[in-house]
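Asker: The following block contains the structure, expressed as structure tokens.
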Amino acid sequence: MTDEPAERTLSPDEAFEVLGNETRVGILQALGGADAPVSFTELREDVGMTDSGRFNYHLDRLTGHFVRKGEAGYELRRAGERVVEAVLSGAVTAAPVLERTEIDQPCHYCGAPIAVRFREERVELYCTECPGTYSRTDSDDETCIDADADDGYLGYHPLPPAGVADRDPEAVFRAAWVWGHLELLAASAGVCPRCSATLDRSTRVCEDHDPDESLCDACGRRYAVVFDLECTNCIYDESGAAVVGLADSAALVAFMLDHGLNPFAPTVETLPAISRAYNNFDEEVVSTEPFEARFTFAVGNDELTLTVDDSLRVADADRN
Ligand SMILES: [Zn+2]
Ligand SMILES: [Zn+2]
Ligand SMILES: [Zn+2]
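In structure tokens form, the structure reads like this:
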């Protein structure tokens, strides 16, 4: 179907105002559930409104930006589909609970079982034995560390509430890996996973880093290098260890695939090795002015060393 441009764009204020109405959200949901364009009368009945004049007013508010009126009837524009998708992903309606649960998945550092907890659209990961990746006391780093996080915090994967429904905790973890990895791929390639705008990339290094086999007292993290991404358009931002900026590296992807490890579609059997390779890497800061670092990823006895610049772009890839 050809899609003519929206008649006009809405400011954020206007968009919130248009959507802040039960009838209008009901119209979008009704159109979202339809397989074909819907007539005015059919749509009014679907939404359960008898007053044709009032219904027309609400439909009119949506038409142009969220809804398209064609000869065969009304249907969603892409912007309307996105609203319905957001509602159905459970962001607004469902609140599934997954309390901290130990699962049959080894910690990528120490091999002890990890535990998962679902909270605020995130699957948080905890090691049941070692200190994990982040100390809970590092309050400077608000994106990595959650004040409510327990000891052994390994980080999180994003997951909408719909991802928790009908899955056992192991399957929730795998779904969160897949979902999070897709998001990471877009982000590391410089495309905002929320709005598609450009992301700013930057790198920070803990100058007094002393992890002593686990977490650094100065920064509270296992790794000295922190990679930051910030959207130039929306409120998306993300911080994390180097792999956050390296997920799109062809050398890293090829290295994984060559070992039979597909990070895009992990299985029960492959996820432990994938998780270990991505998260338990060696870090060497070569210089800070200008920034240069080497990260070495391992699968079995094979190693891949990536040399990167200050925006974590790979300057050199070396396998042995
Ligand atoms: Zn551990
Ligand atoms: Zn440090
Ligand atoms: Zn964005």
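Going by the working numbering, the sequence shown opens with residue 10, and the numbers climb by one from there.
Heads up, the beta-carbon is just placed ideally off N, CA and C, and yes, glycines get one too.
(1) Please write down, chain order preserved, every residue whose beta carbon lies under 5 Å from a heavy atom of ligand 4.
(2) Since I believe R303 is in contact with G254 (beta carbons under 8 Å), could you give me their beta-carbon distance rounded to a whole number of angstroms?
(3) At a cut-off of 8 Å, is E138 close to ligand 1 when judged by its beta-carbon and the heavy atoms of the ligand?
(4) Report the CB separation of F236 from A251 in whole angstroms; it is logged as a contact under 8 Å.
(5) Going along the chain, which unbroken runs of the alpha helix (DSSP H) with 4 or more residues stay wholly within the segment 264–288?
(6) What residues are listed by DSSP as bridge partners for V181?
(7) Is there at least one Cβ from chain D nearer than 9 Å to R126's Cβ?
(8) Could you check whether the Cβ of A233 sits closer than 8 Å to any heavy atom belonging to ligand 2?
(9) Would you decide whether I36 is buried or exposed? Buried here means 16 or more other CB atoms lie within 10 Å of its CB.
(10) Counting C-beta neighbours from all protein chains within 10 Å, is the total for R87 16 or more, i.e. buried, or is it exposed?
(11) Looking at A185 and ligand 2, is the gap between the Cβ and the nearest heavy atom below 8 Å?
(12) Leaving aside the five residues before and after H5 along the sequence, list all residues of the same chain whose C-beta is less than 6 Å from its C-beta, in chain order.
(13) Based on DSSP bridge pairs, tell me the residues matched to D311.
(14) Check the C-beta distance from F300 over to D318 and give it rounded, since I have them as a contact under 8 Å.
(15) Checking the sheet assignment: what are the DSSP bridge partners for A227?
(16) Tell me which same chain residues have a C-beta within less than 8 Å of the C-beta of G79, skipping the five on either side of it?
(17) Examine ligand 1 and report whether any of its heavy atoms sits within less than 8 Å of the Cβ of Y66.
(18) Hey, is G229 close to ligand 2, as in C-beta under 8 Å from one of its heavy atoms?
(19) With DSSP collapsed to three states, give me the class of A196.
(20) Please tell me whether, using a cut-off of 8 Å, the distance from the CB of D237 to the nearest non-hydrogen atom of ligand 2 is below it.
Answerer: So, to answer that:
(1) As presented, the structure is devoid of ligand 4, carrying ligand 1, ligand 2 and ligand 3 as its sole ligands.
(2) About 14 Å separates the two Cβ atoms, so there is no contact after all.
(3) yes
(4) 6 Å
(5) 280–288
(6) In the DSSP output, where bridge partners are listed per residue, V181 has none listed.
(7) Among the chains in the structure shown there is no chain D, since it carries only a single protein chain.
(8) yes
(9) buried
(10) exposed
(11) no
(12) Beyond the ends of the chain as shown, which are 10 and 329, falls residue 5; an answer cannot be given.
(13) V308
(14) 7 Å
(15) Beta-bridge pairing links A227 to no other residue.
(16) P46
(17) no
(18) yes
(19) helix
(20) no
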